[in-house]
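Report on the following structure.
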Amino acid sequence: MILRRRFVLFLPRFVGLLMVACCLVTIVYMLACTPKGDNQQFSLPRVHSPTMKEGYEAILQEREEYHLNYIISLKKQIAQLKAELQGRSEQFKNMQDQHPDPLGIRLDHSNLEKAHANLLAFLHSQIDKAEVHSGVKLSTEYAVVPFETFTLQKVYQLETGLTRHPEEKPVRKDKRNELIEVIELAVGSLNNPEGDGNAKHRVYTASDFIEGIYRTEKDKGTLYELTFKGDTKHQFKKIVLFRPFGPVMKVKNENVNVADTLINVIVPLAKRASKFRQFMQNFREMGIQQDGRIHLTVVYFGKEQMNEVKSILENTSKSANFKNFTFIQLNEEFSRGKGLDVGARFWKGNNVVLFFCDVDIYFTAEFLNSCRLNTQPGKKVFYPVLFSQYNPSIIYGHHDSIPSLKQQLVIKKETGFWRDFGFGMTCQYRSDFINIGGFDLDIKGWGGEDVHLYRKYIHSNLMVIRTPVRGLFHLWHEKQCLDELTPEQYKMCMQSKAMNEASHGQLGMLVFKQEIETHLHRQKWSKKKT
């Protein structure tokens, strides 16, 4: 009885609540599902309107027409989407028929292990297609993808433009994170070598990182080559990594020992004894005292100033106890290509790294190691992009005095530029130079011979390492373009002369110097009047 009474009392309340809920649901449905017009408002007929019934019928008819038009519009959109989807499907099918998967990779999403294996196979195939293990034949010198150099703090880059600097800290977050990730991965790889079991190893940190180079082949991925300090002064650790537009993959982990790698620096020369004296000061400090694994070959043209040059060489030999030099004299007109070719072929010892150099070049001991690390017989030649110094008298014209040479050698936009149009300074093994055919000896005088040799290398299967380096400088000197040069050589000489003087802005200040002084004079005059 008690239960029946409670049920009789609860039933009306439950029915009431159910009706309220149904009303709320109906209202929400109507609000959510009623299409909105373009700010249309369907007003009810006023109470004092002539015929209330006709007003309601007109509203209903208007709403019905609106909904019919809305439905027709939706049907058209659905039909268009279906047609586009069908067209895209047919295009994709035709592409698959015309271009079957060259790797035979079909990801089976029902089998995660197989899909993962196929993905790894594809990423490894990107390494095989990229220029990682060996060079590829290229059609022109413009097809070479240059490397860029980076350290823990700076990036040394070629594409400077008007807003970027030849040396800068990575400002973009993605670039900064990219290089940090690569360095961290390389350090982790060094600290966890494969196949060594429980053998004890030194713990590497980012402070052991010396420098790296990287370049991106935009259809394959980014190649990184990182150099770390080794166990001794002349030992290094080199890590090669590759990012195939996805996770970075370790390509190589090798020990590189350059303790016994000799460099033969070959310098062609005619006259210019004062420049040779400056060159020998740099050679003595960096080549003899700091590096010590170096040979110097001087190929001298003519006899004018020859005794002075020989005296400078002999004095350096005695004071530094240095015997590893060769002096070759040729009684003929100066030819840079001929001098370098003669110097390279004169060497009779074991296979040696050749550094083709000029008398107005300044190099550091670190550059000599870069020369060793970026050359490999039968595989790699090194074409560093040096930093070319502007005219110090223009750069420091507003100073009380011109700084010392070492103080001038800073990589800044105002002090110089990357000489990316020059190919004269290069490192390669003698065997590669001989096998490639050496220089074109028909070229006389200044310019052209270096480009011909460079083209020989890029047309071969050798890998050309092209990157700006922070330890190689072209010292400014006044350039004279002789009348006996061919039109093409004379044009190249004049272009080089113009670029060597100063930056765009500094040259502009010289061109508009009179206008600037006139403006300053007017400013002073106007201030006196007031």
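Take any residue in the sequence shown, note its place counting from 1, add 15, and you have its number in my numbering. Each residue gets a CB set at the ideal place from its N, CA and C atoms; glycine is no exception.
6 angstroms CB neighbourhood of residue 280 in its chain, flanking five on each side removed: In the same chain as residue 280, and ignoring 5 residues on each side of it, the C-beta atoms closer than 6 angstroms to its own belong to 311, 370 and 372, in chain order.
Could you give the first and the last residue of the continuous alpha helix (DSSP H) run that contains residue 205? Annotation for residue 205: the continuous alpha helix (DSSP H) segment containing it runs 188-206.
Hey, could you find the ends of the beta strand (DSSP E) residue 352 is sitting in? Segment 351-361 is the alpha helix (DSSP H) holding residue 352; no beta strand (DSSP E) there.
Put residue 478 into one of helix, strand or coil per three-state DSSP. In the structure shown, residue 478 sits in a strand (DSSP, three-state: E or B).
Within 10 Å of its beta-carbon, does residue 94 have 16 or more other beta-carbons around it, so buried, or fewer, so exposed? Exposed: under 16 other Cβ atoms inside 10 Å.
Residue 403 in three-state terms, based on DSSP: Reduced to three states, the DSSP call for residue 403 is strand.
N- and C-terminal bounds of the alpha helix (DSSP H) containing residue 215: For residue 215, no alpha helix (DSSP H) run applies, since DSSP gives it neither H nor E.
When the Cα of residue 331 is compared with those of 351, 365, 291 and 130, which residue comes out closest? Proximity to residue 331 across 351, 365, 291 and 130 peaks at 291, based on C-alpha coordinates.
Would you tell me roughly how many angstroms separate the C-alpha atoms of residue 365 and residue 172, rounded to the nearest one? Pairing residue 365 with residue 172, the inter-Cα distance amounts to about 35 angstroms.
Residue environment, residue 412, which counts as buried when at least 16 other CB atoms sit within 10 Å: It is exposed - the Cβ of residue 412 has fewer than 16 other Cβ atoms within 10 Å.
Would you mind sorting residue 458 into buried or exposed? The rule is 16 or more other CB atoms within 10 Å of its CB. Classification for residue 458: buried.
Span of the beta strand (DSSP E), counted from its first residue to its last, around residue 268: Residue range 264-272 is occupied by the beta strand (DSSP E) that includes residue 268.
Cβ-Cβ distance between residue 407 and residue 423 below 8 angstroms: Against a cut-off of 8 angstroms, the Cβ pair of residue 423 and residue 407 comes out as a contact.
By Cβ distance, which residues of its chain are closer than 7 angstroms to residue 482, with the 5 residues on each side in sequence left out? If we look at residue 482 and ignore the five residues flanking it on each side, its Cβ neighbours are 161, 162, 163, 164, 228, 399 and 400.
Local conformation of residue 238 per DSSP, three classes: In the structure shown, residue 238 sits in a strand (DSSP, three-state: E or B).
Per DSSP, residue 163 forms a beta bridge with which residues? Bridge partners of residue 163: 229.
Would residue 267 pass as a contact of residue 205 if the rule is Cβ separation under 8 angstroms? Taking C-beta atoms as the reference points, residue 267 and residue 205 fail to come closer than 8 angstroms.
Does any residue of chain B bring its CB to less than 8 angstroms from the CB of residue 445? Of the protein chains in this structure there is only one, and it is not chain B.
Should residue 378 and residue 203 be called a contact, given that it needs their Cβ atoms to be closer than 8 angstroms? For the 8 angstroms CB-CB criterion, residue 378 and residue 203 do not form a contact.
Between which two residues does the alpha helix (DSSP H) carrying residue 340 extend? Segment 340-345 is the beta strand (DSSP E) holding residue 340; no alpha helix (DSSP H) there.
Helix, strand or coil: how does DSSP classify residue 155 here? Coil at residue 155, not helix or strand.
Comparing C-alpha positions only, which one of 158, 388, 397 and 140 sits nearest to residue 546? Nothing about residue 546 can be read from this structure; the chain reaches only from 16 to 545.
In terms of residue numbering, what span does the beta strand (DSSP E) encompassing residue 256 cover? 250-258 is the extent of the beta strand (DSSP E) around residue 256.
Between the CA atoms of residue 134 and residue 517 - distance to the nearest angstrom: Whole-angstrom Cα-Cα distance: 52 angstroms.
Where residue 466 falls: helix, strand or coil (DSSP): Note: residue 466 maps to helix in three-state DSSP.
Nonlocal neighbours in the same chain, by C-beta distance under 6 angstroms from residue 316, ignoring five residues either side: 285, 345 and 349.
How about residue 432 and residue 488: do their beta carbons lie closer than 8 angstroms? Judged by beta-carbon spacing, residue 488 lies beyond the 8 angstroms limit of residue 432, meaning their Cβ atoms are not closer than that value.
Does the segment 236-250 come within contact of the segment 184-192, defined as at least 3 CB pairs closer than 8 angstroms? The answer is no - the segment 184-192 does not touch the segment 236-250, with fewer than three Cβ pairs under 8 angstroms.
So, for residue 543: in the same chain, excluding its five sequence neighbours on each side, which residues have a beta-carbon less than 7 angstroms away from its beta-carbon? No residues qualify anywhere along the chain.
Closest to residue 468 by C-alpha separation, out of 215, 351 and 499, would be which residue? Closest by alpha carbon: 351.
State the Cα-Cα distance for the pair residue 539 and residue 414, rounded to the nearest angstrom. Cα-Cα distance, rounded: 23 angstroms.
Within this structure, are the beta carbons of residue 142 and residue 201 separated by less than 8 angstroms? Cβ distance not < 8 angstroms, so residue 142 and residue 201 don't count as in contact.
Three-state secondary structure assigned by DSSP to residue 432: Three-state DSSP puts residue 432 in a strand.
Check the C-beta distance from residue 306 over to residue 383 and give it rounded, since I have them as a contact under 8 angstroms. Taking the Cβ atoms as the reference, residue 306 lies roughly 5 angstroms from residue 383, within the contact range of under 8 angstroms.
Express the C-alpha separation of residue 515 and residue 494 in angstroms, rounding to a whole number. Going from the Cα of residue 494 to the Cα of residue 515 covers about 9 angstroms.
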